[in-house]
Amino acid sequence: MALQCAHCYKHFSIAKVTKSRGKGLSVEVKCPHCGAWLGHNKSLAMAKIAGFYGGVIAAAVGYFVDGAATITTPLVILAVIVVGLSHVMDHLKMVEAPVDDSGVDSKL
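Residue numbering for the sequence shown follows the working numbering, starting at 6 and increasing by one per position.
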């Protein structure tokens, strides 16, 4: 899987990441090209996780409980929409710019 840096816009592999900090949803990685610290949006990751598990639970309840399908079907549809939108919107953002910007091409 290739990631794209939000600072230098170069692609790099997860295998090339040598430095990281933080744990769980607040993990940040350092771009191997320019040295910028990159991280994901924590609220979008939480929405993705909540949508996924909410959809799975609603689907299980709709399957095993008689008469609950009229309530759980719209919940599953909403959960799929939430997971899809949060996945599309979840990109790497720059948390900390590199100290030396000489490696980044000037756009002027």
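Note that CB positions come from ideal geometry on N, CA and C, so glycine has one too.
Quantities reported herein were computed from a predicted structural model and do not represent experimental measurements.
Of the listed residues the options, nearest to residue i (C-alpha basis)
| i | options | result |
| --- | --- | --- |
| M51 | A64, C13, D95, C39 | D95 |
| G59 | V88, A41, V70, C36 | V88 |
| R26 | A41, G56, S48 | A41 |
Buried or exposed (CB count within 10 angstroms, at least 16 for buried), residue i
| i | result |
| --- | --- |
| H12 | buried |
| V34 | buried |
Three-state secondary structure assigned by DSSP to residue i
| i | result |
| --- | --- |
| L80 | helix |
| G27 | coil |
| V85 | helix |
| H16 | strand |
| L97 | coil |
| G56 | helix |
| V34 | strand |
| G72 | coil |
| G67 | helix |
Inter-residue spacing [alpha-carbon to alpha-carbon] between residue i and residue j
| i | j | result |
| --- | --- | --- |
| V61 | V81 | 8 Å |
| H2 | A102 | Here the chain comprises residues numbered 6 to 113, so residue 2 is not present and cannot be evaluated. |
| V104 | A64 | 49 Å |
| L113 | Y14 | Bear in mind that a pLDDT of 42 at L113, under 50, signals an unreliable position, so the model cannot answer this. |
| V100 | G56 | 26 Å |
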